[in-house]
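Offset between the sequence shown (1-based) and the working numbering: plus 7.
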Amino acid sequence: MKDSEIKRKILKFFYEKAEGYVSGEDISEALGFSRANSWKYINKIRNDGYEIEAVPHLGYKLKSQPDKLYAYEISRGVNTDIIGKKSIFYYDSVSSTNDTAYELAEKGEPEGTIVIAEGQTCGKGRMGRKWLSPKGKGIYLSIILRPDMEIDRIPSITLVMALSVQRTIKKMCDINAGIKWPNDILINGRKVCGILTEMKAQPDVADFLIVGIGMNINAEKKQIPPEAVSLKMEIGREINRTSFLRCLLEEIEKDYKKIKREGFPSLRDECRKLSTVIDKQIKVREHNKLTEGIAVDIDEKGALVIRTKTGDVKRIFSGDVSIR
């Protein structure tokens with residue numbers, strides 16, 4: 008049995024007896040260990056940041072949990088069937104959760120697998136930008152999806168993920184965030200979250216998607232770019248990152264199931280309502296191409312519909328948007 012599985016089983020004892028003590032004998036019998044071996048693993052759990060009280064003749068009691076996004080802490084309280092339920096890869100630090108998830112997807116990891124890290128050394132944003140990832144202060148998450156969708160429907164998934172983030176922020180912090188097409192979540196014009204979707208595909212269908220989500224949760228002003236904001240900065244208190252992440256995974260699964268079952272039109276009106284660019288004069292840069300005009304709609308495939316100065320109507324499936 009792996010160390011992680013042993014620690015998970017011991018923690019389960021503690022959570023099942025939240026108000027009482029767990030005897031070392033009960034732990035030893037359940038795991039088939041000696042008392043000395045049980046003691047060794049309890050110390051390993053302590054080294055992970057858990058505070059465990061030991062009282063002679065009573066046993067052990069869990070007093071507090073660390074502010075860490077450990078796989079067991081996420082999975083034990085999340086109500087999902089797919090997203091984050093079967094396979095969670097936790098890292099203290101990686102170069103990029105998207106890169107790690109991509110490698111795992113190529114090796115066959117199933118849909119719903121998530122990669123979570125406390126920090127990233129080379130976090131990725133769109134258009135080759137870097138996402139600053141102060142350690143232990145945000146949520147840096149990548150999800151493997153295998154949607155069996157035509158490639159021209161993929162842009163709508165990024166928008167739906169943004170919708171899931173917006174709903175989570177509303178539920179957990181009572182803040183009305185907006186969606187800047189196609190992948191940014193803004194609070195009062197400042198960026199709190201970015202989404203990066205990467206894909207491996209055949210000519211007309213996606214093999215898999217990697218949806219990367221970077222969120223500023225408890226970061227201080229000096230730790231993030233001046234144009235960004237964290238949830239803590241907005242509401243003036245620390246956010247429980249584990250609780251927030253569980254809620255986010257549940258919202259993502261609900262919206263992802265809906266888009267697979269009913270298509271993007273079932274969520275389109277909500278995305279339009281929350282858009283920060285509709286009816287605004289904008290510029291969209293697609294690689295070396297620049298399109299200017301008024302954003303008038305989001306179509307049934309998630310593309311941004313723009314009316315140019317000449318009256319032409321164009322549909323943009325990806326690009327970097329700035330509001331004039």
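Heads up, the beta-carbon is just placed ideally off N, CA and C, and yes, glycines get one too. Quantities reported herein were computed from a predicted structural model and do not represent experimental measurements.
Give the DSSP-derived three-state secondary structure of residue i in the structure shown.
| i | result |
| --- | --- |
| T204 | strand |
| I323 | strand |
| I285 | coil |
| Q209 | coil |
| D181 | coil |
| V85 | coil |
| D304 | strand |
| F271 | coil |
| E116 | coil |
| E157 | strand |
| K261 | helix |
| I351 | One cannot answer for residue 351 here, as it falls past the ends of the chain, which runs 8 to 331. |
| K229 | helix |
| K9 | coil |
| I176 | helix |
| I164 | helix |
| T317 | coil |
| I17 | helix |
| I266 | helix |
Within a Cβ cutoff of 7 Å, which residues of the same chain sit near residue i, ignoring the five residues on either side of it in sequence?
| i | result |
| --- | --- |
| A208 | I158, D214 |
| L65 | Y28 |
| D211 | E157, I158 |
| K321 | T298, I313, T315 |
| A169 | I186, N190, I192, I202 |
| E277 | L170 |
| A78 | I95, Y97 |
| P272 | E307 |
| P73 | D55, G56, Y57 |
| M265 | Per the sequence presented here, residue 265 reads as Lys, with Met not at that position. Closer than 7 Å at Cβ, skipping near neighbours: S273, L274. |
From the DSSP secondary-structure annotation, give me the bridge partner or partners of residue i.
| i | result |
| --- | --- |
| T298 | V291 |
| K187 | D191 |
| A235 | K198 |
| Q127 | V101 |
| M222 | I146, C200 |
| F215 | K207 |
| V328 | V291 |
| L311 | I305, I323 |
| I151 | I217 |
| V122 | F96, S149 |
Who are the Cβ neighbours of residue i in its own chain at under 8 Å, not counting the five residues just before and after it?
| i | result |
| --- | --- |
| S100 | A124, E125, G126, Q127, T128, K142 |
| S82 | G91, K92, I95 |
| I301 | D286, K287, Q288, I289, I313, R314 |
| D10 | Y48, K51 |
| C180 | L238, E241, I242, I246 |
| K261 | S171 |
| W46 | G31 |
| F20 | V29, D33, I34, A37 |
| R279 | I285, D304, I305 |
Is the closest heavy atom of the ligand FMN to the C-beta of residue i under 6 Å?
| i | result |
| --- | --- |
| V122 | As presented, the structure is devoid of all ligands, the ligand FMN included, so that no description of it is given. |
Contact check, residue i vs residue j under 8 Å by CB: the rounded distance?
| i | j | result |
| --- | --- | --- |
| L111 | I151 | 7 Å |
| S329 | I289 | 7 Å |
| S282 | W188 | 6 Å |
| N225 | E245 | 5 Å |
| L76 | L252 | 6 Å |
| I34 | I17 | 6 Å |
| I49 | G91 | 27 Å between Cβ atoms; not a contact. |
| G309 | P162 | 4 Å |
| I89 | E118 | 6 Å |
| V85 | L256 | 5 Å |
| G31 | R15 | Not really, about 18 Å apart at Cβ, beyond 8 Å. |
| T104 | L148 | 6 Å |
| C254 | K178 | 6 Å |
Excluding five sequence neighbours on each side, which residues of the same chain lie with their C-beta closer than 6 Å to the C-beta of residue i?
| i | result |
| --- | --- |
| K70 | E58, E60 |
| I341 | The question about residue 341 has no answer here: the residues shown for the chain are numbered 8 through 331. |
| K198 | D191, A235 |
| V291 | T298, I323, G326, V328 |
| V172 | I192, C200 |
| D304 | V312 |
| Y98 | A124 |
| E227 | none |
| Y67 | V29, I59, A61 |
Length at least 4, wholly inside the stretch 23-83: the alpha helix (DSSP H) runs in chain order | 31-38, 42-54, 78-82
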